Amino acid sequence: MTQTPVSILLVDDDRDNRDLLAEALSKAGYRPTTAISGEEACEKAAAQDFGLIVSDIQMGAMSGLELLKWFRKQFPDTPVVLLTAFGSLDTAIHAMKHGAFDYLTKPINLEELLVVVERAAEHGRLVRENKRLKSAFDRRVRAGSIVAQSRAMVEIFKLIGKAAHTRASVLIYGETGTGKELIARALHDNSGRAEGPFVAINCAGIPDTLLESELFGHVRGAFTGAEQPRRGLLEESSGGTVFLDEIGDLTPAGQAKLLRVLQEGEIRRVGSNTTIPLDLRVISASRRSLEGMVKEGAFREDLLYRLKTITIEVPPLRERKEDIPLLTELFLTRYGKDKDIRALTDGALARLRQYDWPGNVRELEHVIERTTALANSPIISENDLPDALRSLGAEEGAGREDGSLAAARRKAAAISREQVVAALAQTSGNKNHTAETLGISRWALNRLLEKYGIEKPD
């Protein structure tokens with residue numbers, strides 16, 4: 001029994017039986033409340049929380065089975081135990097089918113009742129605890145395989161929720177390893193296109209000579225070696241989402257061909273004059289500022305406008321270290337289950353938080369995967385970590401964190417509104433260049449723009 005007595009609603013139109021059971025439950029440490037009818041039970045349940053319902057089946061206007069159905073609809077997590085003097089297999093099957101936790105026949109064996117009540121109360125407690133933990137986890141925010149509790153990522157997940165249900169193109173900025181593809185997948189999985197394909201294309205990995213064939217496909221005989229017709233990646237993604245990763249690495253020729261597809265909404269396979277209509281959503285990502293590339297003449301401005309209806313900027317892991325424990329927990333679950341590795345010591349977790357993670361979330365995942373593969377105990381200690389993290393002494397690690405994240409925050413906080421406005425004017429509103437001029441990250445610049453009420457430039 002727990003220190004707080006479990007509240008039990010006892011429903012029976014037989015006063016003697018009701019009093020007998022209430023007394024037995026009280027002596028066992030429970031807190032019973034009685035009702036003489038199903039209608040009264042509904043009224044009391046609406047006014048007070050109960051951990052368990054014990055009800056007779058054969059009552060007046062509202063039977064115990066009808067009360068059971070009501071509880072399953074109104075309070076599905078509350079266990080219901082049914083009692084009756086008219087026990088039959090059919091009645092028992094009917095009760096269990098409609099969600100009764102258990103079923104006992106009169107005359108009630110009090111010892112048996114207490115055993116069933118204890119099991120039912122524990123079941124209800126576990127269900128509520130599971131929901132509480134799930135709710136707590138959900139508050140930390142989850143999107144697909146991404147977990148986070150930092151303010152920056154929570155705001156991104158809110159934006160994902162809004163953007164997912166539109167057909168608008170999305171441009172995702174972020175350093176290598178920050179999880180841009182995971183965010184793209186979250187947008188797809190939460191959209192009306194979730195049942196359609198999600199096709200990821202690494203724009204940096206397609207040479208010009210193969211670009212048209214890879215993106216648009218080809219017919220048989222279109223060129224030497226084209227022995228069979230082939231669908232292109234854009235055609236494969238029709239009805240779903242295409243993710244154009246590192247779009248900034250696409251060559252000028254590739255940019256022109258992609259723009260034409262986005263404008264016309266159709267393609268032609270190489271070697272064919274037949275047009276094929278496309279129905280797809282475009283999500284693209286870049287580690288570099290496309291706006292800056294446009295000013296440098298390295299990226300088409302008209303293509304940029306096609307790609308950036310909505311922009312999402314993913315901060316690097318060093319700027320959201322409060323997410324490291326959650327990410328570590330996720331990766332331990334993924335890579336440590338075969339060896340039953342469940343946690344890290346406080347010292348090991350402190351080392352993870354001291355490190356700057358130049359490879360971002362991808363590097364953290366690799367470290368956890370490697371560490372779990374080599375660990376010899378269910379708890380990972382500092383000695384299990386790679387040398388680069390182990391070599392961070394307590395003072396050195398603290399100094400390193402202070403010199404990176406904490407110092408960066410102090411530097412950003414010291415920048416005045418006038419300095420931000422001047423830097424924006426100097427760089428013609430280019431946020432990437434403005435951040436470089438001020439010596440802060442692009443994410444920190446966005447926070448300053450919000451702080452000072454400065455309209456964000458495109």
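Residue numbers (full-length UniProt numbering): 1 to 458.
Every residue, glycine too, gets a C-beta built ideally from N, C-alpha and C.
Quick caveat: nothing in here was measured; it's all calculated off a predicted structure.
(request) Given a cut-off of 7 Å, decide if glutamate 175 and arginine 353 are closer than it, judged by their beta-carbon atoms. (result) Here residue 353 refers to the residue found at position 353 when the sequence shown is read from its first residue. Here residue 175 refers to the residue found at position 175 when the sequence shown is read from its first residue. The Cβ atoms of arginine 353 and glutamate 175 do not sit closer than 7 Å to each other.
(request) Would you kindly check if the distance between the Cβ of valine 54 and the Cβ of leucine 68 is under 7 Å? (result) Taking the sequence shown and counting its residues from 1, the one referred to as residue 68 is at position 68. Taking the sequence shown and counting its residues from 1, the one referred to as residue 54 is at position 54. Not in contact: leucine 68 and valine 54 (Cβ atoms no closer than 7 Å).
(message) If you reduce the DSSP assignment to three classes, tell me which class isoleucine 201 lands in.
(response) Working through the sequence shown from its first residue, we reach residue 201 at position 201. Three-state DSSP puts isoleucine 201 in a strand.
(message) Along the chain, where does the alpha helix (DSSP H) containing arginine 15 start, and where does it finish?
(response) In the sequence shown, residue 15 corresponds to position 15, counting from 1. Taken as a continuous stretch (DSSP letters only), the alpha helix (DSSP H) holding arginine 15 covers 15-27.
(message) Only counting the same chain, and skipping five residues up and downstream in sequence, which positions put a Cβ closer than 6 Å to that of threonine 309?
(response) Here residue 309 corresponds to residue number 309 of the sequence shown, with the count starting at 1. Correct list, in chain order: Ala168, Ser169.
(request) Compare the C-alpha of glutamate 214 against each of Glu235, Ala194, Glu455, Pro197 and name the closest. (result) Indexing the sequence shown from 1 puts residue 214 at position 214. Answer by Cα proximity: Glu235.
(request) Drop a sphere of 10 angstroms on the beta-carbon of isoleucine 93, count the other beta-carbons inside from all chains shown, and report buried for 16 or more, exposed for fewer. (result) Position 93 of the sequence shown, counting from 1, holds the residue named residue 93. Exposed, by the Cβ-count rule.
(request) Kindly indicate which residue of Leu258, Gly60, Pro197, Gln419 has the alpha-carbon position closest to the one of valine 11. (result) In the sequence shown, the residue the question calls residue 11 occupies position 11. Comparing Cα-Cα distances from valine 11 to each of Leu258, Gly60, Pro197, Gln419, the minimum goes to Gly60.
(message) Three or more C-beta pairs under 8 Å: does that hold for the region 144-157 against the region 324-338?
(response) Between the region 144-157 and the region 324-338, the count of Cβ pairs shorter than 8 Å is three or higher; the stretches touch.
(request) Just tell me which of Arg417, Leu438, Ile440, Gly439 has its CA closest to the CA of glutamate 455. (result) Locating residue 455 in the sequence shown gives position 455, counting from the first residue. Answer by Cα proximity: Arg417.
(message) Helix, strand or coil, according to DSSP, for glycine 225 in the structure here?
(response) For the purposes of this step, residue 225 is taken as residue 225 along the sequence shown, with counting starting at 1. In the structure shown, glycine 225 sits in coil (DSSP, three-state: anything other than H, G, I, E or B).
(message) Check for me: the beta strand (DSSP E) holding valine 242 runs from which residue to which?
(response) Looking up residue 242 in the sequence shown gives position 242. Residues 241-245.
(request) Using only the heavy atoms of the ligand NAD, determine whether one of them is closer than 6 Å to the beta carbon of tryptophan 357. (result) With respect to the ligand NAD, the structure shown offers nothing to examine, as it has no ligands at all.
(request) Go ahead and pull the three-state DSSP assignment for serine 213. (result) Start at 1 with the first residue of the sequence shown, and residue 213 comes out as number 213. In this structure, serine 213 counts as helix in the three-state DSSP scheme.
(request) Go through its chain and collect everything with a Cβ distance to glutamate 396's Cβ below 7 Å, but skip five positions before and after it. (result) Walking along the sequence shown from the start, residue 396 turns up at place 396. Unreliable placement is indicated for glutamate 396, whose pLDDT of 43 sits below 50; the coordinate value is still reported in the next sentence. Same-chain partners within the cutoff: there are none.
(request) Flag this pair as touching only if the region 172-188 and the region 223-238 have three or more C-beta atom pairs under 8 Å; answer yes or no. (result) no
(message) Alpha carbons only, please: which of Gln228, Thr209, Pro378, Pro277 is nearest the one belonging to threonine 251?
(response) By one-based count along the sequence shown, residue 251 stands at place 251. Taking only the C-alpha atoms, the option nearest threonine 251 is Thr209.
(request) Determine the contact status of isoleucine 341 and threonine 372, defining contact as a CB-CB distance below 7 Å. (result) As a position in the sequence shown, residue 341 is number 341, starting the count at 1. As a position in the sequence shown, residue 372 is number 372, starting the count at 1. Taking 7 Å as the Cβ cut-off, isoleucine 341 and threonine 372 qualify as a contacting pair.
(message) Classify valine 261: buried if its beta carbon has 16 or more other beta carbons within 10 angstroms, exposed otherwise.
(response) The count along the sequence shown starts at 1 and reaches residue 261 at position 261. Classification for valine 261: buried.
(message) Here's a check: name, in chain order, each residue in its chain whose Cβ is nearer than 7 Å to the Cβ of threonine 34, leaving out the five neighbours to either side.
(response) The residue given as residue 34 occupies position 34 in the sequence shown. Counting only Cβ-Cβ distances below 7 Å, and skipping sequence neighbours, we find Leu10, Arg18, Ala22.
(request) Return the bridge partner residues of residue 459 from the DSSP annotation. (result) For residue 459 there is no data in the structure shown, the boundaries of the chain being 1 and 458.
(message) According to DSSP, is glutamate 266 part of a helix, a strand, or is it coil?
(response) As a working note, residue 266 is residue 266 in the sequence shown. Of the three classes helix, strand and coil, the one that applies to glutamate 266 here is strand, per DSSP.
(request) Indicate the three-state DSSP secondary structure (helix, strand or coil) for leucine 280 in the structure shown. (result) The count along the sequence shown starts at 1 and reaches residue 280 at position 280. Collapsing the DSSP output to three states places leucine 280 in coil.
(request) Inspect the beta-carbon positions of isoleucine 312 and isoleucine 201 and report whether they are closer than 7 Å. (result) Residue 312 sits at position 312 when you count from the first residue of the sequence shown. Residue 201 sits at position 201 when you count from the first residue of the sequence shown. At the C-beta level, isoleucine 312 and isoleucine 201 stay beyond 7 Å of one another.
(request) For glutamine 255, count neighbouring Cβ atoms within 10 angstroms of its own Cβ and tell me buried if that reaches 16, exposed if not. (result) One-based indexing of the sequence shown puts residue 255 at position 255. Classification of glutamine 255: buried, given that the 10 Å Cβ count is 16 or more.
(message) So for aspartate 340, helix, strand or coil by DSSP?
(response) Counted from its first residue, the sequence shown places residue 340 at position 340. Assignment of aspartate 340 by DSSP, reduced to helix, strand and coil, places it in the coil class.
(message) Tell me the DSSP secondary structure of serine 7 in three-state form.
(response) Taking the first residue of the sequence shown as 1, we reach residue 7 at position 7. Of the three classes helix, strand and coil, the one that applies to serine 7 here is strand, per DSSP.
(message) Tell me which residues share the same chain as glycine 453 and place their Cβ nearer than 6 Å to its Cβ, disregarding the 5 neighbours each side in the sequence.
(response) Residue numbering aside, residue 453 sits at position 453 when the sequence shown is read from its first letter. Within the same chain, glycine 453 has no close Cβ partners at all.
(request) May I have the straight-line CA-CA distance separating aspartate 245 from leucine 290, to the nearest angstrom? (result) As a first step, residue 245 must be located in the sequence shown, where it is residue number 245. As a first step, residue 290 must be located in the sequence shown, where it is residue number 290. In a straight line, the C-alpha of aspartate 245 is about 13 Å away from that of leucine 290.
(message) I need the boundaries of the beta strand (DSSP E) containing arginine 31, first residue and last residue.
(response) Stepping through the sequence shown from its first residue, residue 31 is reached at position 31. First-last of the beta strand (DSSP E) with arginine 31: 31-35.
(message) I need the straight-line Cα distance from valine 314 to glutamate 111, nearest angstrom please.
(response) Taking the sequence shown and counting its residues from 1, the one referred to as residue 314 is at position 314. Taking the sequence shown and counting its residues from 1, the one referred to as residue 111 is at position 111. Answer to the nearest angstrom: the Cα atoms are 60 Å apart.
(request) May I ask you to report which of helix, strand or coil DSSP gives valine 54? (result) Taking the first residue of the sequence shown as position 1, residue 54 is located at position 54. Valine 54 falls in the strand class under three-state DSSP.
(request) Compare the C-alpha of aspartate 384 against each of Gly347, Thr105, Gln419 and name the closest. (result) For this step, residue 384 is matched to residue 384 along the sequence shown. For aspartate 384, the nearest C-alpha among the options comes from Gly347.
(request) Quick one: using the 10 Å Cβ neighbour count with 16 as the cut-off for buried, is tyrosine 103 buried or exposed? (result) Against the sequence shown, residue 103 aligns to sequence position 103. Label assigned to tyrosine 103: buried.
(request) Let me know the secondary structure DSSP gives leucine 187 once reduced to three states. (result) Taking the sequence shown and counting its residues from 1, one reaches residue 187 at position 187. Correct three-state label for leucine 187: helix.
(request) Please determine, among Val367, Pro378, Asn376, Ser377, the residue with the shortest C-alpha to C-alpha distance to arginine 390. (result) Reading the sequence shown from its first residue, position 390 is the one you call residue 390. Per the Cα distances, Val367.
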